[in-house]
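Chains as they are written, first to last, in the numbering used here: chain A, 1 to 354; chain B, 355 to 708; chain C, 709 to 1062; chain D, 1063 to 1416.
The beta-carbon is built from N, C-alpha and C at its ideal position, and this holds for glycine as well.
Number of protein chains: 4
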Amino acid sequence: MPANDKKAKIGVLGASGYTGAELLRLLIPHPKVEIVLLTADRRAGKTVADVFPQFAPYDLPALRSIDGADWKAAGLDLAFCALPHGTTQKAIAALLGAAPATKAVDLSADFRLADLAAYERWYGHAHAAPELQKEAVYGLTEIYRHKVKAARLVANPGCYTTCAQLPLIPLLKAKAIDPDEIVVDAKSGMTGAGRAAKEEMLFSEVSEGFHAYGVGHHRHMAELDQEFSLAAGREVIVSFTPHLTPMNRGILSTIYVRGLKAQPQDLHAVLLKCYAKEPFVHVLPFGTVPQTRHVRGSNMTFIGVAADRIAGRAIICSALDNLTKGASGQAVQNMNVMLGYPETTGLEQVALFP
Amino acid sequence: MPANDKKAKIGVLGASGYTGAELLRLLIPHPKVEIVLLTADRRAGKTVADVFPQFAPYDLPALRSIDGADWKAAGLDLAFCALPHGTTQKAIAALLGAAPATKAVDLSADFRLADLAAYERWYGHAHAAPELQKEAVYGLTEIYRHKVKAARLVANPGCYTTCAQLPLIPLLKAKAIDPDEIVVDAKSGMTGAGRAAKEEMLFSEVSEGFHAYGVGHHRHMAELDQEFSLAAGREVIVSFTPHLTPMNRGILSTIYVRGLKAQPQDLHAVLLKCYAKEPFVHVLPFGTVPQTRHVRGSNMTFIGVAADRIAGRAIICSALDNLTKGASGQAVQNMNVMLGYPETTGLEQVALFP
Amino acid sequence: MPANDKKAKIGVLGASGYTGAELLRLLIPHPKVEIVLLTADRRAGKTVADVFPQFAPYDLPALRSIDGADWKAAGLDLAFCALPHGTTQKAIAALLGAAPATKAVDLSADFRLADLAAYERWYGHAHAAPELQKEAVYGLTEIYRHKVKAARLVANPGCYTTCAQLPLIPLLKAKAIDPDEIVVDAKSGMTGAGRAAKEEMLFSEVSEGFHAYGVGHHRHMAELDQEFSLAAGREVIVSFTPHLTPMNRGILSTIYVRGLKAQPQDLHAVLLKCYAKEPFVHVLPFGTVPQTRHVRGSNMTFIGVAADRIAGRAIICSALDNLTKGASGQAVQNMNVMLGYPETTGLEQVALFP
Amino acid sequence: MPANDKKAKIGVLGASGYTGAELLRLLIPHPKVEIVLLTADRRAGKTVADVFPQFAPYDLPALRSIDGADWKAAGLDLAFCALPHGTTQKAIAALLGAAPATKAVDLSADFRLADLAAYERWYGHAHAAPELQKEAVYGLTEIYRHKVKAARLVANPGCYTTCAQLPLIPLLKAKAIDPDEIVVDAKSGMTGAGRAAKEEMLFSEVSEGFHAYGVGHHRHMAELDQEFSLAAGREVIVSFTPHLTPMNRGILSTIYVRGLKAQPQDLHAVLLKCYAKEPFVHVLPFGTVPQTRHVRGSNMTFIGVAADRIAGRAIICSALDNLTKGASGQAVQNMNVMLGYPETTGLEQVALFP
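Here it is in structure tokens:
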């Protein structure tokens, strides 16, 4: 933690994408940090307002190329890495090589899989920074808070996985549900797909419609497998289907589970107890389910548990904002833990509804 | 069928709701029918254009009260009943009592359950027209075409149920899937909720968000139970969760099934063969899944089958427009069958995308 | 007009964009035409269903490159040209050069300006087919029907311009309004921007927001200038601001005018009389204004006139679907006129609402 | 201002509507206030979470009836009144009668018109608290800051009017534009219409479409007339048309003006200078115009000025969030001024985009 009287110096690598913008939204009014460096390779030389006009009223550094950065001179306390998947391993290796005292929170998938072979299998190429992978801590804050506190490099979890893991990990740990009978049907807003200009992401293509994608083979499964297996103490593979919803923000996971001796209300009790003191996880009364709009723009996850009409089965819904708790909000939460600030600092925003 | 040179005389009961409007959209350019009577109790005395301005350019009868109708004098060949659930049994009984030669297609749930006890259990009150129920034919056209042809009263299926039954009934009949292991996760557009002015249906409440409702106890389950059990030759109860999506039209059902000796590609083959000659069901190539926007405004159902990564399991997606094939389009399809017209007459509209 | 017993052979150049898709939607069920040739350069070799899955159930020719087309052998009765602005002059010249008996409807801006100097000034390059320009007929059907009937090459009007011209041309012709005091504030759905993958057209960029663009210098002004000046018999320049609305289809023009001796109700009377027998223009009762949703997917234009509270001023609203009457619907209307079919053939679709 | 060590006690009357929810969103994390009383007549007895689930994680008073409130005992430092138009005059009179030391910010239109006769003319009934009207200060903070500082009762401006007044008042004061030639074409998101359950506000009615309403006679005109006339020192009446846009939040006003000797760039210069030090008004570079999405959820107003192609005319666009700067944000801004807090306290939220 920087001395009380000075703010931490923060850099954001990849500030022209949506998770970059969300980091700025949260960091600008954060009382303990100062944004001193922003990169965006294709937009180097432009102002932030050129790529995100909402930041025009604020005094922020111009966008620069990542290659020209002098990490040592920058003297960052912490860098957020919001670069595309597959480009981060080298960038973080360069950064931490030149400035070993800087901490890093990586929002990509590059450091999330502890098993290098699994990484290669899912991503089709060898890991480019295997030594750093050993050091990386998986940053699902509520579960790994103590490891995050001591970490130099945190791999921030994915949005789909955060949404599924928060309700399921406590139930798997408690051996309350059958690990072989889990179906996760997940629905995401469009910002989860990023800001790359692709025909299938145009407004006219995706408004007024709904569809599944990556059916049977979505990459986020690797992350689910890893964490669910750790929680259950055995291999766990779930059915998982992601969908795109015509809205900007939000993920709702509808999760079908079967109790092992436990009734649906027992599952609710496990979650209620587990998250009783967590500031960013709220368990709804039994039988009620959350809506994504009620967590929009906040760092909250809402979880609901209801009984299925088939005895012994329960339906769990969890909702979060994919850009906040599903990405940049959790990244700032991890930063707070890593820098010794109160965990909720700068994350007090109440959800924006309507 | 009316004589070749004259058009069938058609009435629409409940013309001021969304399924009523959809019937008008399809019937106005239909070459074989003439709309001669429209009712809308709360709007009686108004023109159709008062409640749906898109019909202003067309010459249509004014809205009248259902109570004042003289069914005998009206001489309808066929009446569509687009009234709210629970109000139709009496209305149809009165209509068919006064004009026994008139045929009727009911779009509500009132005549869908053959088992009067099941009706009472799900709807909380006794059936008001048990004699007519015996006569009623469940109008999933592709499955019951021959019965529909001879019917005087057709119970048009629900939108969620049509979407789930079209892919699942052939698989259950073929005993290709395990009837005890079916999860139907369904997502609907907002028009499925009707036109009643409710706070939770306001634009500002439902745009930019997603949620489940009726978790564990939705009434459409009764209709699923009935038809799936008939198809399987034994009792079938599925897990079913409906969701609301911020779009007007469309239902996507994501269905998790397990093959009984059958592999996912076998399931695809069953559906491909079953629907090869159906004009309104299109089975996509194996491994691809449909989008609701590609059936919008058409009477089509698109079905896709993909393998889950868990061996022996498949994920099926089916998509239709809840107001067209899920309601008024199928109603017109049934009318065509009942009146002896080619089944596709007036239903040739290609989907409106974008 | 082809002999009664055979259908006209139609080609669509540029079938992979939105106006191309809208042409196919209208032409597939059109009883008098047969689609025999489709081009889409970047997608040559693919099926139409590959680029627009909604057409999967229909039997259509594969997409081919425009360069490889043998126009003479194709023997088209009529070609629609739905290529990007600036590429059409050469394509049409090649087509009509090789197959002089083929007729053409061009949906781009390439042939809309009769004044070659004005074209060069607005578009920054010389016209590539000046001879053909002389022959081209501006295809605002309601105004130029008789010229369209005899034309070989029709320049289909723009969407913004059709929406503004239909209410204003009769008023200018009648000298009922002051030509120097016209403000056109136009709002368009997103499909007007086309299908090119641009960051600013992504769902997450344009949903949940509204903005003006091209303020003070939008290219459609040239077309407005030309037609308004012709109607008024003197030079007319209007204030025009286009905006983008988070919806797929529809344009609403809010038009501020001042009567020359005429009161707002007189303006309404002029329009009512002018369009009394037009199948695709509907003038609402005085004081009421239209909504874009009530013309969606139809070839209708709805026009409303209301009094401003400032004496002598009126506010006119006109609404159409930018892809239908604003582009492909009017193109089919022109085709019907050019081939001698009843003007409404294949355009009977009632608006899709909700 | 309450003593430094204690927070101001705040009440919100009408907490179950959208402006009420927006007040809670801003007040919950506000460091200088404590919410001690909430009313919502139809929902009295319920929790806030029952009517707005996003507030479930926060500790807030239950909703109570306004009639049962003991204003003296409540000891409020300030009350926000977010009741429907027409109900507030009596409520504020009762509150200030019983607790004269309490200050009030009224978000309705009830105290905005200084001229009682104008009020009666526009609203169709006599003002119910004429004495209080004399005391009320019109709370467009940037213009009336000094009066707000000393006020006990502030009439918070309307959303449309704030959006039009911020750019136009400085120009009228500077006599830079012709007061007789102003056209304000305004487009609002749906939350401006409130939370009352009306058919025309249902999602399926208003999504995917755009329309004008109140053409020629919208009530907000009275407020525009009052303030524009004050600024110009003579009577000013503008053409004003409001529209509804399928989005939740945001107003964009497109304003057509004519310079009096002033060129468009001069108008820009006037605004740039006027708002140089304002924290919540940002003037964009000349020729660029704002988008509503870039101010969403923030208290910012963005203003752009561009030249029309007609000499001497300019087109001004201003954008704000109708619930924030257009209602509850400005109300909190006024509260800060009235209680002696820094004006930006609790309003530091950066816009939520995407």
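Using three-state DSSP, classify S370 of chain B as helix, strand or coil. Taking the second sequence and counting its residues from 1, one reaches residue 370 of chain B at position 16. It is coil, neither helix nor strand.
Can you pull the chain C neighbours of P654 of chain B, defined as C-beta to C-beta under 7 Å? Along the second sequence, read from residue 1 onward, the residue named residue 654 of chain B stands at position 300. One detail in the question is off: residue 654 of chain B reads as Met in this sequence, not Pro. Within 7 Å Cβ-Cβ: P765.
Please state whether DSSP places Q1325 of chain D in a helix, a strand or coil. For this step, residue 1325 of chain D is matched to residue 263 along the fourth sequence. Coil.
Note the first and the last residue of the continuous alpha helix (DSSP H) segment covering A576 of chain B. In the second sequence, the residue the question calls residue 576 of chain B occupies position 222. Taken as a continuous stretch (DSSP letters only), the alpha helix (DSSP H) holding A576 of chain B covers H574 to A586.
Span of the beta strand (DSSP E) around F1117 of chain D: Start at 1 with the first residue of the fourth sequence, and residue 1117 of chain D comes out as number 55. Note, F1117 of chain D: premise wrong, no beta strand (DSSP E); not H, not E.
Which value, in whole angstroms, describes the spacing of the CA atoms of D767 of chain C and F911 of chain C? Position 59 of the third sequence, counting from 1, holds the residue named residue 767 of chain C. Position 203 of the third sequence, counting from 1, holds the residue named residue 911 of chain C. Distance between the alpha carbons of D767 of chain C and F911 of chain C: 31 Å.
Among D:A1373, D:L1314, D:I1205 and D:A1213, nearest to E1058 of chain D - alpha-carbon criterion: A query on residue 1058 of chain D cannot be resolved here, the shown segment of chain D reaching from 1063 to 1416 and no further.
Three-state secondary structure (DSSP) of D115 of chain A: Working through the first sequence from its first residue, we reach residue 115 of chain A at position 115. The answer is coil: DSSP assigns D115 of chain A none of H, G, I, E or B.
Taking C-beta to C-beta, are H1147 of chain D and A1176 of chain D nearer than 7 Å? Residue 1147 of chain D sits at position 85 when you count from the first residue of the fourth sequence. Residue 1176 of chain D sits at position 114 when you count from the first residue of the fourth sequence. In this structure, A1176 of chain D does not lie closer than 7 Å to H1147 of chain D by Cβ.
On the premise that S239 of chain A lies in contact with Y610 of chain B, defined as a C-beta separation below 8 Å, what is that separation, rounded to the nearest angstrom? The residue labelled residue 610 of chain B in the question sits at position 256 within the second sequence. The residue labelled residue 239 of chain A in the question sits at position 239 within the first sequence. Correct: roughly 6 Å between the Cβ atoms.
Once you ignore the five residues that flank R667 of chain B on each side, which residues in its own chain have a CB closer than 8 Å to its CB? Taking the second sequence and counting its residues from 1, one reaches residue 667 of chain B at position 313. Close CB contacts of R667 of chain B within its chain, under the 8 Å cut and outside five residues either way in sequence, are with Y610, V611, R612, G613, P618 and A661 (chain order).
For the candidate residues C:H833, C:T849 and C:R829, whose alpha-carbon lies nearest to that of V1040 of chain C? Position 332 of the third sequence holds residue 1040 of chain C. Nearest of C:H833, C:T849 and C:R829 to V1040 of chain C, Cα basis: C:T849.
Spatial neighbours of N248 of chain A within its chain, please: CB distance less than 7 Å, with the 5 preceding and 5 following residues excluded, ordered by chain position. Position 248 of the first sequence, counting from 1, holds the residue named residue 248 of chain A. Taken in chain order, the residues that qualify are G189, M190 and T191.
In the stretch 41 to 112 of chain A, which residue ranges form an unbroken beta strand (DSSP E) of at least 3 residues, counting only runs that do not cross its ends? 78 to 81 and 103 to 106
What in chain C is Cβ-close to V206 of chain A, meaning under 8 Å? Along the first sequence, read from residue 1 onward, the residue named residue 206 of chain A stands at position 206. Result: F911.
Extent of the continuous alpha helix (DSSP H) to which S204 of chain A belongs: Position 204 of the first sequence holds residue 204 of chain A. Start and end: F203 to V206.
By the 10 Å Cβ neighbour count, where 16 or more other Cβ atoms means buried, how is T1406 of chain D classified, buried or exposed? One-based indexing of the fourth sequence puts residue 1406 of chain D at position 344. Residue environment analysis places T1406 of chain D among the exposed positions, since fewer than 16 neighbouring C-beta atoms fall within 10 angstroms of its C-beta.
Can you confirm whether M190 of chain A, when its beta carbon is compared against all beta carbons of chain C, has any partner nearer than 7 Å? By 1-based counting over the first sequence, the position of residue 190 of chain A is 190. Chain C, which has a Cβ nearer than 7 Å to the Cβ of M190 of chain A, makes this yes.
If you draw a straight line from the alpha carbon of L606 of chain B to that of R647 of chain B, how long is it in whole angstroms? Within the second sequence, the letter at position 252 stands for residue 606 of chain B. Within the second sequence, the letter at position 293 stands for residue 647 of chain B. Rounded to whole angstroms, L606 of chain B to R647 of chain B spans 10 Å at the Cα level.
Neighbour flag for E1261 of chain D against chain B, beta carbons, 7 Å: The sequence position of residue 1261 of chain D within the fourth sequence is 199, counting from 1. It does; some Cβ of chain B falls within 7 Å.
Starting from the beta carbon of R1320 of chain D, find every residue of chain G whose beta carbon is closer than 7 Å, and list them in chain order. The chain inventory of the structure shown lacks chain G, comprising the protein chains A, B, C and D.
Thinking just about the alpha-carbon of each residue, which of C:L786, C:R733, C:P739 and C:G776 is nearest to the one in F760 of chain C? As a position in the third sequence, residue 760 of chain C is number 52, starting the count at 1. If we check each option's Cα against that of F760 of chain C, C:R733 comes out closest.
Report the neighbours of L1314 of chain D on chain C: residues whose CB is nearer than 8 Å to its CB, in chain order. Reading the fourth sequence from its first residue, position 252 is the one you call residue 1314 of chain D. Within 8 Å Cβ-Cβ: F918, H919, A920 and H951.
Where does the unbroken beta strand (DSSP E) through I143 of chain A begin, and where does it stop? Residue 143 of chain A sits at position 143 when you count from the first residue of the first sequence. I143 of chain A -> not in any beta strand (DSSP E); alpha helix (DSSP H) instead, spanning T141 to A150.
Bounding residues of the alpha helix (DSSP H) (the contiguous stretch that carries E485 of chain B): For the purposes of this step, residue 485 of chain B is taken as residue 131 along the second sequence, with counting starting at 1. Looking at the DSSP string, the run of the alpha helix (DSSP H) that includes E485 of chain B is P484 to E489.
Counting only C-beta atoms, is N248 of chain A closer than 7 Å to chain C at any point? Here residue 248 of chain A refers to the residue found at position 248 of the first sequence. Judged by the 7 Å Cβ criterion, N248 of chain A is in contact with chain C.
Classify H125 of chain A as buried or exposed, calling it buried when 16 or more other Cβ atoms lie within 10 Å of its own Cβ. Locating residue 125 of chain A in the first sequence gives position 125, where the first residue counts as 1. Exposed, because fewer than 16 other Cβ atoms sit within 10 Å of the Cβ of H125 of chain A.
Can you find a C-beta in chain D that's less than 7 Å from the C-beta of D1016 of chain C? On the third sequence, residue 1016 of chain C is found 308 positions in, with the first residue counted as 1. Output row for D1016 of chain C: interface = yes.
Cross-chain neighbours of H990 of chain C in chain B, by beta carbon under 7 Å: Numbered from its first residue, the third sequence carries residue 990 of chain C at position 282. Those within 7 Å of H990 of chain C in chain B are A410 and P411.
If contact means a Cβ-Cβ distance below 9 Å, which residues of the stretch 674 to 705 of chain B contact chain C? L677, E702, Q703, V704 and A705
Tell me whether the stretch 778 to 793 of chain C and the stretch 714 to 730 of chain C touch, counting them as touching only if at least three CB pairs, one residue from each stretch, are closer than 8 Å. At 8 Å Cβ cutoff, the stretches touch.
Taking only beta-carbon atoms, is T162 of chain A less than 7 Å away from chain B? Residue numbering aside, residue 162 of chain A sits at position 162 when the first sequence is read from its first letter. Judged by the 7 Å Cβ criterion, T162 of chain A is not in contact with chain B.
State yes or no: is the beta carbon of Q1288 of chain D nearer than 7 Å to at least one beta carbon in chain C? As a working mapping, residue 1288 of chain D is identified with position 226 in the fourth sequence. No, Q1288 of chain D lies away from the interface with chain C (no Cβ there is under 7 Å from its Cβ).
If we ignore side chains and look at the alpha-carbon of each, how far apart do G451 of chain B and P875 of chain C end up? Here residue 451 of chain B is taken as the residue at index 97 of the second sequence, counted from 1. Here residue 875 of chain C is taken as the residue at index 167 of the third sequence, counted from 1. Computed Cα separation, rounded: 52 Å.
Length at least 4, wholly inside the stretch 593 to 663 of chain B: the alpha helix (DSSP H) runs in chain order: 618 to 628
What are the boundary residues of the alpha helix (DSSP H) that T516 of chain B is part of? The sequence position of residue 516 of chain B within the second sequence is 162, counting from 1. Taken as a continuous stretch (DSSP letters only), the alpha helix (DSSP H) holding T516 of chain B covers C513 to K527.
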